[in-house]
Each structure stands twice: as C-alpha cells, then as structure tokens.
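Visitor: Let me give you the structure first, and then I'll get to my questions.
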Amino acid sequence: MPSPSSRFEHLSNRRAIVDRRALAEAVAALPEAGLRAATIQLLKDALAAGRAEIAHRLAERPTKGLEVASGQAYLVDQLLVILFDLATTRLHPADEPITLLAVGGYGRGEMAAHSDIDIGFLTRNTPSPRTALVIETMLYALWDLGLKVGHSSRSLDEMIRQSKADVTVRTALLEARYVTGDTTLYDDAARRFKSEVQRGTERQFVADKLAERDARHRRMGDTRYVVEPNVKEGKGGLRDLHALFWIGKYVYDVQRARQLVDVGLFTPAEYRAFHRADEFLWAVRCHLHVIARRAEDRLTFDVQREVAARMRFKDRHDKPAVERFMQFYFLQARTVGTLTGVFLAHLDERFASRGKRFGLPTIRRAPKRLNGFVLDRGRLALPGDDFFAEDPVRLIEIFALADAHHLEIHPLAMRAASRDAKLIDDYRQDRHANALFLEILTSPGDPELVLRWMNEAGVFGRFVPDFGRVVAMMQFDMYHHFTVDEHTIQAIGLLARIEAGTLREDHPLASVVIDQIISRRVLRVAVLLHDIAKGRGGDHSVLGAEVACRLCPRFGLTPAETETVSWLVRYHLLMSDTAFKRDLSDFKTILDFSAIIASPERLRLLLLLTVVDIRAVGPGTWNSWKRQLLSTLYESAEEVLRLGHKQRGREERIAAKQARLAQALDWGDARFAVFVRRLPESYWIAEPEDVLEHNARLMAAAGDAPLSIDAQVYAERGATLVTIYAADHPGLFYRIAGAIHVAGGNIIDARIHTTRDGMAIDNFLVQDPFGRPFDDPAQLSRLRIAIEDALANRGKLNDRLVAKPAARMRADAFTIQPNVLINNDASNRFTVVEVNARDRPALLNQLAQALFQSKVTIHSAHVATYGERAVDTFYLTDLTGDRLTQPTRLKTLEKRLLDAAAGHAADMIAA
364 MPSPSSRFEH LSNRRAIVDR RALAEAVAAL PEAGLRAATI QLLKDALAAG RAEIAHRLAE
424 RPTKGLEVAS GQAYLVDQLL VILFDLATTR LHPADEPITL LAVGGYGRGE MAAHSDIDIG
484 FLTRNTPSPR TALVIETMLY ALWDLGLKVG HSSRSLDEMI RQSKADVTVR TALLEARYVT
544 GDTTLYDDAA RRFKSEVQRG TERQFVADKL AERDARHRRM GDTRYVVEPN VKEGKGGLRD
604 LHALFWIGKY VYDVQRARQL VDVGLFTPAE YRAFHRADEF LWAVRCHLHV IARRAEDRLT
664 FDVQREVAAR MRFKDRHDKP AVERFMQFYF LQARTVGTLT GVFLAHLDER FASRGKRFGL
724 PTIRRAPKRL NGFVLDRGRL ALPGDDFFAE DPVRLIEIFA LADAHHLEIH PLAMRAASRD
784 AKLIDDYRQD RHANALFLEI LTSPGDPELV LRWMNEAGVF GRFVPDFGRV VAMMQFDMYH
844 HFTVDEHTIQ AIGLLARIEA GTLREDHPLA SVVIDQIISR RVLRVAVLLH DIAKGRGGDH
904 SVLGAEVACR LCPRFGLTPA ETETVSWLVR YHLLMSDTAF KRDLSDFKTI LDFSAIIASP
964 ERLRLLLLLT VVDIRAVGPG TWNSWKRQLL STLYESAEEV LRLGHKQRGR EERIAAKQAR
1024 LAQALDWGDA RFAVFVRRLP ESYWIAEPED VLEHNARLMA AAGDAPLSID AQVYAERGAT
1084 LVTIYAADHP GLFYRIAGAI HVAGGNIIDA RIHTTRDGMA IDNFLVQDPF GRPFDDPAQL
1144 SRLRIAIEDA LANRGKLNDR LVAKPAARMR ADAFTIQPNV LINNDASNRF TVVEVNARDR
1204 PALLNQLAQA LFQSKVTIHS AHVATYGERA VDTFYLTDLT GDRLTQPTRL KTLEKRLLDA
1264 AAGHAADMIA A
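So the sequence shown is numbered by the working numbering: it starts at 364 and just counts up by one.
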C-alpha cells in the first residue's frame, strides 16, 4: 500500500474539473433542514460539470487516455472528500478513527467515465454503530449520484487476515490509496500490509497472477487478434498491463510504472512502449464509455467507426479509417504481449534456483546441435547481443531450431529478434533462409506456435513483406473473427492437426483425404497465401494468385508446384461458394464445379484448404451442416472426375441412404417402398440421414392431416430444426418464413421439397437474434402457433410483421448494397437467382414474398450468412415448370428482389 501522495499533480487546471474549495463552502452554507438532499444536488451538478469538462478534454486531445482516466479519478476523489467531511462532522460526528481508501483501478488513479468506484472503509477495530451510520450515509449518497460502487468495510486485523486468504483482496489493497480520514491509521495499515502480507509471498503472488491471467485469456478467447476485442479484459488489453504493474509493485515495491526501469524489468525503450500502449488503450476505453454512456469495454463493430473518427484516424489509399484504427489497436496489443514476455523473463531470473525456472517446466533433454545458439535453462537463447547481426539468416534459423527441437525461445532472444528484424530484409532471396522458412511452414510438429512467435517478433512480416501487409489487419465485417495474419496462422495450425490425426471426429473426410495428397508443401504454402492480397482494393483471390506466382519460386517450389499454389489461391472460395450457395442435387452444379477443378489432386487440396479456411474464421463458423454440404460436393465431384458424366455413384449413395433409413424405421418393405416413391431424387441427396429419419416419422404420424409442425433443438448445428409438413400451395414458403420471424426466429438455412402427391416437406434451421437455438418451451410453442396462424390466415401476417419491432442487430453497423444475380447457365432445369443483402430479420420472408408476387415456383432455397452479409439463392421455374427466360420478366423479378433486399415496403403487400 503506497504512502499518501498526490496522484494528480500532472493534471492541468484541476479546478476546471471540480473546485473542491468552492463546493465545500457551498455545502457548508446549506441549512440543516434538507441538508442531505441539497448536498446531493450540489454534488450531482458538480459530477455532471466535471464529466463534461473531462469529455471536452478527451474531444480536444483524443489520444490522451491516461490524462482523462486521471481526471475521472480526481473528480471522484473530491466528491468523496466532501461527502466524508459532511458525514463525519455534521450528520454523524465520528467517535473513532476511520480512513477512506480508493482501491483497485480507482486506487491506481485511473478510471473511465462510468467505471465502478471501488472504495474501502478502514477502522482500527470493529466499526462502532456511529461509524456504521457514516458508511451507510456515504454509500446511499453515492448511489443517489448514480454511481456504481464496490465497497468494503474492514477493521485493520480483518484487512490483514482477508488479504492473506484471498489474492483478489490482496491485489485490490495492493493499489489502495489514501483519499481522506485518519492518516495514522492508513500508515499503520500500509506498514502491516507490507510486513505481514507481502513479505515472503512474492513468488506465490506472481504464480497466482499468472494463473489468473491465463484463465482470463482462455475465457476471452486466448488470442489478442479477435476483431471485437475487450479493451480491458482481452489478451493484450489493459488488464495485462495492470498485471505487470501489480507484479512489479508487489515484488519491487514500485509506485509508478516508470520505476519498472529502475528495477531492471524494462529498458527505457520498453517502458516507452508500455506507456504508449497504456495511453492508447486508456484512450479507447474512455471513448467507449463516452459513446455508450455506460461502462462498456468491448470494442464492437457498431462503435469502431466512431472511436476511429474521434481518435482522428483518416481513410488512406484503399484502407478505411476504421481498419487503420483497428490495425493500430492490434499492433499495441502485440506490444503488450512482447513486453509481458520480457518482463517475465527478468522475473524468472529473480526466482530461478538450481536450474529451475519460475512457474515453468524445464527441458529434460538438450538437442545435440544448436548451430551456435545456447540453452538457458531449457530455452533457446543467444550467446551474445550481436549474434543476429553477425548472420541475419539466424533470425529464421532460431525459429526453425525451436520447431525442430520443441524448444521455447528465451524472451530476451525474442526481444533481440524484434530489434534486429529489419536485418532480414537483405536476405529475403537467400536460399538457405527460404529453405529454413519452408521447413517451419511444412513442419509435422506445431508450426502454428512457431509461426506465431515469428510474427510476434516482427520477423515474419519482414521476411515475407506481402504477409507483413496483412499483419494486424482486420476486415470490418462480422464474419471474420480474427485479423488476417492470425486467421492464416490458425489455418496452418488446423491443417497440421488434421494431418496429425487429432481432428478425426470433427473432420472425418479431411482426415482421410490428407493422407492421399501428393504434395504437402503445396498445400501448406497455399494456406499461407490464400488471403495474402487482402486489403489491396481488388479481388484478393486473383491478386493473391499473382503474389503466389512471385513468392513460390523464392520459397524453392518447382514451376508445377507454383502453378498449383496459384490455382488454389485463385479458387480458394470456389468450393464453399458452390456448397453453400448452390443446389447440390442439380447435376449441372457438380459438372460445372468439376470442370474448373479438372484434377482429383486439386479437388483433394481444395477440400482441405476450404475446411481449414472456414474453421479458422472463428468459433461457430464450422458445423456439421457445412461439413455435410462439403462432403456431398466432394464425393459428387470426385465421382465425376473418376467416372466422367455418369451418375452411377449418385444413385448408389441414394440407395445406401434409403437402405439405412429402412433399417432405422423398420416399416416393412412394401410400406417403405410406397414412402420412397413419394419423394423426388433431390430430397434424398439434399437431406442428411438424421433429418431423413425425423421427416419420415413426422410424415407417418401426420397421416392425412393437412398440417403438421415439429420444432426441436438441433444441438450439433447450434439451431432449432423446424419441419413443416403441409399441403403445398403458392405462397406457402413466404408465409412460413414470415411466421418464423414473427415468433422471434432468424432462418439460417432452408430446404424445401414437394412430394409427388402435392405435399410440402420443408426443413428450416432457426436461431434467435443472438445466434442461439430456440430451446425454451415457450419459444417453441410460440413458433408453432405463429406458423399455424400464418398458414390458416388467422390475422394479417404483414400487419404482424410491420408491428414487430426490429431487433437492434450488430449488422446495422455495416452498409451493404443489395445485389441480384440471375443465372440461366448454372442449371439445365432451373433459373438460379442469388440475392446479396445485409442480413436482417424477415429478409428471407420478404424475398420469398417478392418471388410469390412474381408468380414463380421455388424448388429449393439455400441460405448462407457471412457475418452481416446474407446470400440467399433460389432455384426457380415459372408456374408451368420452365426456366425464366423472357427479358422483361427477368427485369421485373430483379427489381422486386432488389426492393425486398433493400427493405423497401413498395409492392410488398401480400396479394
């Protein structure tokens, strides 16, 4: 606990924030009658004026986060002193010593506008009844001011006992700061805390803080490159900086972060980097609180543009201001990670004994060859500070050795690599350096970890400048959860895990196919380069293919390998686009796809690239629905490439599905044969086996009923499967889609089928607006009732849709121009219509209604969402079953769909 001292000497013109003397005089002049209420009003006015002044300073100097954070703490200090004086003199004169402490972040003298106010009341013994009244009076007053207060009341002995028992209490009190009250009591508390709590427990405190940090990182996603970061709690955020300061304070008794240089934990340059990151992150957090008008630490899409504008980032070249701002944010987060490693390395030295490192395992066996590098208690280290300068290829070699021998790199070696990374610029064409890099990339071990170290040190982006252009680059959309470099490194790691056989359950097909590929290094390089050209203002697939043609020879790939990598980068979206946006039961879809692939080896490579690309987008983007679609496409294309245009294998797959279903249903041959004849071939191709069984039982149970509805949570797809079995009629699809929206659902996939005897069997995957399944019985009941009402025409569906308030969606932060693509070449039987629009509730209903008004028949619908972007594809014919070919009709259809995609109400009233 620090000794009493002013934390706010650096604040300029403090009286403009709050004039405590004038405020105290105003309170002193208040009469006894109504004293409390009048004081609260004075303090409310002072709080509002102070916040306004601080907000003005933030607007004037938008990057000065620490100054603003100090201003908030100073403001609260002055109000607390006034309240304390009032409570202990005029309202409940004190009968024992009492001290008011600021603890936690407030104790450190740093607060955002709506941060919690953590305070502690300290007495020498158990508080007297009058002291309890003082505490109660102050707390009620603070609550009346609209402040969120965390508080404790302890005697001196209780404070010591609880600090020993609970590391959270200990950490809060570590930063305790005297605000007002009895100074002798405070001095005794500080002395006892240091002698009875801190002394001799440094090692355990550090271990506890590191364990706490690791648990927090796991809870927040364990990466500093998530595109909606938590500025306070996320990896690379403020809490990581605070943890370093807490440890330094606990072990070395420093009072200010700059003193970490004096005790040897940072160099002056590293402290400047620490201060810059601290300043920037605090500025971002303060802007977030002002914008949200509440405590908000998540830098979500809907505020990123505004924070970027407030901090005066500008559009430049092809990169918008928001992406430049977020790239700078991630670079600061990376700095925090680097500083953490260096800091802990020095602590390690402090706590090391008998060759054991602090809190970390030792390496049992040293590798025989280190090529001049040395081992420092199991970590790869440098023999001298100029080791990289003597031979810059060692900047690559250190990572290759770490991978080959499963070694960790010493943080001081990482520091040197970061410092000397620019030296590799002149060795980009060096054959040995490129061979070492390719060894890392194609490693059978854990290339993800080593490549991430390489990236953190800045060596990766220097050695491959095209990769350097995407380091810390975010894409301002809801689909991609990570920065481009982190996404790429994770994809390489996923590929290595599939190859090692550890993801067989998640990726059974990919785990088999990976053993059949001929060129491992082609695939690894393609994964590295697939997004390399993002942010260049054109089609990143086309531009990336050109980059691949330039880089692959440098890496040592043959011309044939280079051509394959370039092709994979060019077409890396082809398989997912086909699987998720096209009808795989239409054989022409398979033929067109296979014509582009042209080679079984390329098909295998593209499947693996597609799988890791999708899964590395972020949590929740990969599911068994996508796995099934990709597997179906792969097997169909593999069959065409193997057999030509024959469809024998397709018929075999359908027969196999039907055989397994017959076994599961156990209906008897005659009954099952009647059931099979009712359903078209496309139905058996499109639906997975569990849905086939579910549908069959629903249809059997329905008998001759005109309508049957079932809704059940489909856990492995993270959604609710809604199945409707009803007499088919025009407008059925749009009515169902509208009813699902009225019930609060969002359709993420739809499969619609018509039996040969005129019944519709439609399957919808439905989530709530927050991307969760409908799993509450009341929700499911509401869903069934809404569909029944819509199909029975009870109540006007359009009136209910208009009346339902639109949920505030994260997608509202994005602008997407609607686009309609009509294609008569994608299918021999259907007109394929693809609609791109911003995802929103009832979008599918409005598009389906536009199609109904256009008097077309929907044969299948395919709903794909990529964050805020929805891509809905419909396979259509006219009412006589022919494709739509008349130009005027296509033009009218396009206009209706564009209006619907844009959310315009014109022409959207149901017939």
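Glycine included, each C-beta is placed from N, C-alpha and C at the ideal position.
(1) Taking DSSP's pairing of strands, which residues face K944 in a bridge?
(2) For D545, which residues from the same chain have a beta carbon less than 7 Å from its beta carbon, with the 5 sequence-adjacent residues on both sides left out?
(3) Looking at M836: is its Cβ nearer than 7 Å to the Cβ of Q690?
(4) Can you tell me whether S929 is helix, strand or coil according to DSSP?
(5) Which residues does DSSP pair with S515 in a beta bridge?
(6) Whose C-beta lies closer than 6 Å to the C-beta of T927 among residues of the same chain, with five residues either side of it excluded?
(7) Count the other C-beta atoms from every protein chain shown that fall within 10 angstroms of the C-beta of F489, then say buried if there are 16 or more, exposed otherwise.
(8) Would a C-beta distance cut-off of 7 Å place I1221 and I1150 closer than the cut-off?
(9) Which of helix, strand or coil does DSSP assign to M1122?
(10) Tell me the start and end of each unbroken alpha helix (DSSP H) in the stretch 745-828 that is at least 4 residues and wholly inside, in chain order.
(11) Near R887, which residues of its chain fall below 6 Å by C-beta distance, leaving aside the five closest residues on each side in sequence?
(12) Quick check on T547: buried or exposed, where buried means 16 or more other Cβ atoms within 10 Å of its Cβ?
(13) Within 10 angstroms of the Cβ of D681, are there 16 or more other Cβ atoms? Answer buried if so, exposed if not.
(14) Taking Cβ to Cβ, would you say L464 is nearer than 7 Å to A553?
(15) In three-state terms, what does DSSP make of P916?
(16) Quick check: the Cα distance between K677 and A415, rounded to an integer number of angstroms?
(17) Beta-carbon within less than 7 Å of P367's beta-carbon, same chain only, minus the 5 sequence neighbours each way: which residues are those?
(18) Could you check which residue in R635, F918, E868 has the C-alpha nearest to that of Y790?
(19) In the DSSP output, what is T1117 paired with across the bridge?
(20) Only counting runs of 3 or more residues, tell me where the beta strand (DSSP E) segments fall wholly within the stretch 1214-1253, in order along the chain.
(21) Is L694 closer than 7 Å to I759 when the C-beta atoms are compared?
(22) Would you say T1083 and F1038 are within 7 Å of each other, going by their C-beta atoms?
(23) Which same chain residues end up closer than 7 Å to A1265 when comparing Cβ atoms and leaving out the 5 residues on each side of it in sequence?
(24) Under a three-way DSSP split, which group does A1090 fall into?
(25) Name the one or two DSSP bridge partners that L738 has.
(26) What residues in its chain sit with their C-beta under 6 Å from that of R673, if we drop five residues either side in the sequence?
(27) Distance check for C915 and R675, CA to CA, integer angstroms please.
(28) Counting C-beta neighbours from all protein chains within 10 Å, is the total for D458 16 or more, i.e. buried, or is it exposed?
(29) Does the stretch 855-866 come close enough to the stretch 896-914 to have 3 or more Cβ pairs within less than 8 Å?
(30) Do you know offhand how far E372's Cα is from A658's?
(31) Measuring CB to CB, does L743 end up less than 7 Å from I772?
(32) Can you tell me whether DSSP reads L1084 as helix, strand or coil?
(33) According to DSSP, which residues form a beta bridge with Y1077?
(34) Skipping 5 residues on each side, what residues in its chain have a beta carbon closer than 7 Å to that of S874?
(35) Let me confirm a value: T1243 is counted as buried when at least 16 other C-beta atoms fall within 10 Å, else exposed. Which label applies?
(36) Spell out a yes or no on whether the stretch 1021-1037 and the stretch 987-997 are touching, meaning 3 or more CB-CB pairs, one atom from each, closer than 8 Å.
Guide: Walking through what the data contain:
(1) Paired residues: none, contrary to the question.
(2) Hits under 7 Å: P460, I461, T462.
(3) Taking 7 Å as the Cβ cut-off, M836 and Q690 qualify as a contacting pair.
(4) Correct three-state label for S929: helix.
(5) G483
(6) Scanning its chain for C-beta atoms nearer than 6 Å, with the 5 sequence neighbours on each side dropped, one finds around T927 the residues V885, in chain order.
(7) One detail in the question is off: residue 489 reads as Thr in this sequence, not Phe. Exposed is the call here.
(8) no
(9) strand
(10) 750-753, 757-768, 774-783, 794-804, 810-819, 822-826
(11) L804, T805
(12) exposed
(13) Around the beta carbon of D681, fewer than 16 other beta carbons sit within 10 angstroms, so the residue counts as exposed.
(14) For L464 and A553, no; Cβs fall outside 7 Å.
(15) Correct three-state label for P916: helix.
(16) Rounded to whole angstroms, K677 to A415 spans 26 Å at the Cα level.
(17) Residue placement at P367 is flagged as unreliable, the pLDDT there being 40, under the threshold of 50; the coordinate-derived value follows with that caveat. Around P367: Y541, T546, Y549.
(18) F918
(19) A1123
(20) 1219-1229, 1232-1241
(21) no
(22) no
(23) P1181
(24) strand
(25) L743
(26) P425, H650
(27) 39 Å
(28) exposed
(29) no
(30) 26 Å
(31) yes
(32) Here L1084 sits in strand by DSSP.
(33) A1082
(34) I861, G864, L866, R867
(35) exposed
(36) no
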